[in-house]
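Colleague: Going by my numbering, the first residue of the sequence shown is number 3, and it counts up by one from there.
All residues carry an ideal CB built from backbone N, CA and C; glycine is no exception.
Sharing a structure below in structure tokens format, with a few things to ask.
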Amino acid sequence: MCDDDAPRVVDMVRGLARQVGADAVPMLTPEALNGNRDLVDIVVAEQGGKLIGACLTLITFSTWRGAKGLYVVDLFVEPQARGNKTGLHLLKLAAARGMARGARFIKLEVDHTNERAARFYERLGFVRKDQDRLFVLEAKTLKLFVD
């Protein structure tokens, strides 16, 4: 991804939020995306010079596995481009890039309403881990916690 792609990637992340019916609008901006490229790896798919998909990942570490892993932050393909393996190609490219950085596993989350995405990942061999629960401290609560 080049810096000029950031506004379109931000639009895709917002499109994903709309697709799953999220109550909140992602606060991601092109500046935040480009300013955190040391953390976030982004691969994009183009068709006819237009972005049609993006996969955003981070390197993580698992103490249980004793290994680096790849965390998929977001994978989005424009609705009109779905069904032609764009998502699969983006995920494979992101995985290869992660492996080149030492990743030995991939971890991701799927919105509980997005059964189509869950089935996609299961077809690829991902295993649902229902025993894990996600907990978050948002900015305001984090500040209160630290203070």
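Can you tell me whether F63 is helix, strand or coil according to DSSP?
Modeller: As a position in the sequence shown, residue 63 is number 61, starting the count at 1. Of the three classes helix, strand and coil, the one that applies to F63 here is strand, per DSSP.
Colleague: Give me, in chain order, the residues of the same chain whose beta-carbon lies closer than 8 Å to that of L136; leave out the 5 immediate sequence neighbours on both sides.
Modeller: On the sequence shown, position 134 is the one that residue 136 refers to. Closer than 8 Å at the Cβ level, and outside the excluded window around L136, lie E111.
Colleague: Examine chain C for any beta-carbon lying closer than 7 Å to the beta-carbon of L146, and answer yes or no.
Modeller: As a matter of chain content, chain C is missing from the structure shown, which is built from one protein chain.
Colleague: Taking 7 Å as the threshold (C-beta atoms), are A83 and I44 in contact?
Modeller: Looking up residue 44 in the sequence shown gives position 42. Looking up residue 83 in the sequence shown gives position 81. Cβ atoms of I44 and A83: not closer than 7 Å.
Colleague: Pick helix, strand or coil for V22, following the three-state DSSP scheme.
Modeller: Translated into the one-based positions of the sequence shown, residue 22 becomes position 20. Coil at V22, not helix or strand.
Colleague: For F63, collect the residues of the same chain with a Cβ closer than 8 Å to its Cβ; drop the 5 residues on either side in sequence, then sort them by chain order.
Modeller: Numbered from 1 along the sequence shown, position 61 holds the residue referred to as residue 63. Closer than 8 Å at the Cβ level, and outside the excluded window around F63, lie A69, K70, G71.
Colleague: Let's test the definition: count the other Cβ atoms within 10 Å of the Cβ of A119 and tell me whether it reaches 16, buried, or not, exposed.
Modeller: Against the sequence shown, residue 119 aligns to sequence position 117. Buried, because 16 or more other Cβ atoms sit within 10 Å of the Cβ of A119.
Colleague: Here's a check: name, in chain order, each residue in its chain whose Cβ is nearer than 8 Å to the Cβ of M3, leaving out the five neighbours to either side.
Modeller: Locating residue 3 in the sequence shown gives position 1, counting from the first residue. Counting only Cβ-Cβ distances below 8 Å, and skipping sequence neighbours, we find V11, I44, V45, V46, A56.
Colleague: Quick test of your reading: A8 and P28, contact by CB under 8 Å. State the CB separation rounded to the nearest angstrom.
Modeller: Start at 1 with the first residue of the sequence shown, and residue 8 comes out as number 6. Start at 1 with the first residue of the sequence shown, and residue 28 comes out as number 26. Incorrect: roughly 13 Å between the Cβ atoms, too far for contact.
Colleague: Out of curiosity, what's the CA-to-CA distance linking N36 and D5?
Modeller: Counting from 1 along the sequence shown, the entry for residue 36 is found at position 34. Counting from 1 along the sequence shown, the entry for residue 5 is found at position 3. The alpha-carbon atoms of N36 and D5 are separated by roughly 6 Å.
Colleague: On the three-state DSSP scale, how would you describe E48?
Modeller: Your numbering for residue 48 matches position 46 in the sequence shown. Three-state DSSP puts E48 in a strand.
Colleague: Provide the residue span of the beta strand (DSSP E) that contains A96, from first to last.
Modeller: Position 94 of the sequence shown, counting from 1, holds the residue named residue 96. Taken as a continuous stretch (DSSP letters only), A96 belongs to no beta strand (DSSP E), being part of the alpha helix (DSSP H) at 88 to 102.
Colleague: Where does A105 fall in DSSP's three states?
Modeller: The count along the sequence shown starts at 1 and reaches residue 105 at position 103. Coil, per DSSP.
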